[in-house]
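Visitor:
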Amino acid sequence: MYKYQEISEKIREKIINGNFKAGGLLPDQNQLAKDFDTTRITIRKAIQALIIEGIVYTKRGAGTFVRKDYLQNLDDMGNAIDKPLGTTHTHPNKKVLSKVLDLDARLPNKEEQAKLMITATEPVYVIERVRYIDNAAYSYEHTIMPTSIAQITKEILEGSVYGYLTNECHLTISGSHRIVKADRATQRDVEALGVKKDEPVLVIEQVSYLEDGEPFEFSQSRFPYQTSQVTADIDLNN
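Numbering (full-length UniProt numbering), first residue to last: 1 to 238.
(1) Using 10 angstroms around the beta-carbon of residue 207, count the other beta-carbons present and answer buried if the total reaches 16, otherwise exposed.
(2) Which residues in the same chain have their Cβ closer than 6 Å to the Cβ of residue 205, if we skip the five residues on either side of it in sequence?
(3) Determine the direct distance from the alpha carbon of residue 197 to that of residue 147, and round the result to whole angstroms.
(4) Can you tell me whether residue 62 is buried or exposed, with buried defined as 16 or more other CB within 10 angstroms of its CB?
(5) Out of 153, 215, 158, 190, point me to the one whose CA is closest to residue 177's CA.
(6) Under 7 Å between the Cβ atoms of residue 142 and residue 128?
(7) Using three-state DSSP, classify residue 151 as helix, strand or coil.
(8) Go ahead and pull the three-state DSSP assignment for residue 219.
(9) Measuring straight from C-alpha to C-alpha, what distance separates residue 139 and residue 203?
(10) Pick helix, strand or coil for residue 288, following the three-state DSSP scheme.
(11) Give me whichever residues DSSP pairs with residue 67 in a beta bridge.
(12) Please specify which runs of the alpha helix (DSSP H), each continuous and at least 4 residues long, are wholly inside the UniProt domain "HTH gntR-type" (1-69), giving them in chain order.
Dropping the structure here:
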């Protein structure tokens with residue numbers, strides 16, 4: 001984990017713990033650099049990471065503020081679809097559990113080859129699991145991942161895959177390209193999420209990338225419509 005990531009995580013914890021108040025102004029970048037014994041450039045990157053997460057925002061000439069609705073959004077049971085940081089990371093004050101339905105390996109099909117930029121002879125993991133937040137079904141995930149990225153076990157899947165990749169494998173996750181759409185619940189959704197057949201479900205298809213641009217995940221996550229929404233922040237200054 002890079003220095004700026006460590007600092008953004010510490011600032012995030014201070015916000016959750018109430019050291020930095022919702023709606024309040026963060027210390028200026030010079031003070032933060034002094035507090036964390038680092039440079040303003042590193043602090044600037046840490047703040048940018050928090051802006052991407054939707055935790056803070058900046059006002060030109062005024063400074064960086066904690067979003068008033070951030071802690072409220074954390075208290076709403078899983079109804080805000082995760083940014084590409086993983087369910088565990090984006091729900092720190094919730095009990096996040098995983099039920100592994102399948103973990104297998106095979107050769108990729110043509111779509112998977114194209115999405116992950118791999119050849120037909122490079123094996124991939126096929127992962128299916130249900131994520132639970134506070135014991136309620138949150139999402140059903142179907143993930144394709146090249147086996148060359150990391151060794152994946154059932155025990156890892158029962159926890160945070162992104163946490164394992166960043167903390168244990170020392171990989172830096174850069175972001176994701178996502179397609180958000182609606183679909184009708186399949187029989188698999190009924191079994192995994194407890195929804196009714198043909199009910200609407202929210203679907204997110206994504207390809208996630210490492211810092212060097214290498215795709216490491218091609219996945220589809222399916223969410224019950226009752227507890228799902230998409231939140232987008234639009235910055236007209238960029």
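Every residue, glycine too, gets a C-beta built ideally from N, C-alpha and C.
Guide: Judging by the given coordinates:
(1) Position 207 of the sequence shown, counted from the start, is the residue given in the question as residue 207. Classification for residue 207: buried.
(2) Position 205 of the sequence shown, counted from the start, is the residue given in the question as residue 205. These residues qualify, in order along the chain: 179, 220.
(3) As a position in the sequence shown, residue 147 is number 147, starting the count at 1. As a position in the sequence shown, residue 197 is number 197, starting the count at 1. When rounded, the distance between both Cα atoms is 33 Å.
(4) Along the sequence shown, read from residue 1 onward, the residue named residue 62 stands at position 62. Residue 62 comes out exposed.
(5) The sequence position of residue 177 within the sequence shown is 177, counting from 1. Out of 153, 215, 158, 190, 215 has the C-alpha closest to the C-alpha of residue 177.
(6) Mapped onto the sequence shown, residue 142 falls at position 142. Mapped onto the sequence shown, residue 128 falls at position 128. Yes, the pair counts as a contact, with Cβ atoms nearer than the cut-off.
(7) Residue mapping note: residue 151 aligns to position 151 of the sequence shown, counting from 1. In this structure, residue 151 counts as coil in the three-state DSSP scheme.
(8) For the purposes of this step, residue 219 is taken as residue 219 along the sequence shown, with counting starting at 1. Note: residue 219 maps to strand in three-state DSSP.
(9) Translated into the one-based positions of the sequence shown, residue 139 becomes position 139. Translated into the one-based positions of the sequence shown, residue 203 becomes position 203. Their Cα atoms are separated by approximately 10 Å.
(10) No answer is possible for residue 288: it lies beyond the span of the chain, which begins at 1 and ends at 238.
(11) As a first step, residue 67 must be located in the sequence shown, where it is residue number 67. Paired residue(s): none; residue 67 is not in a bridge.
(12) 3-17, 29-35, 40-53
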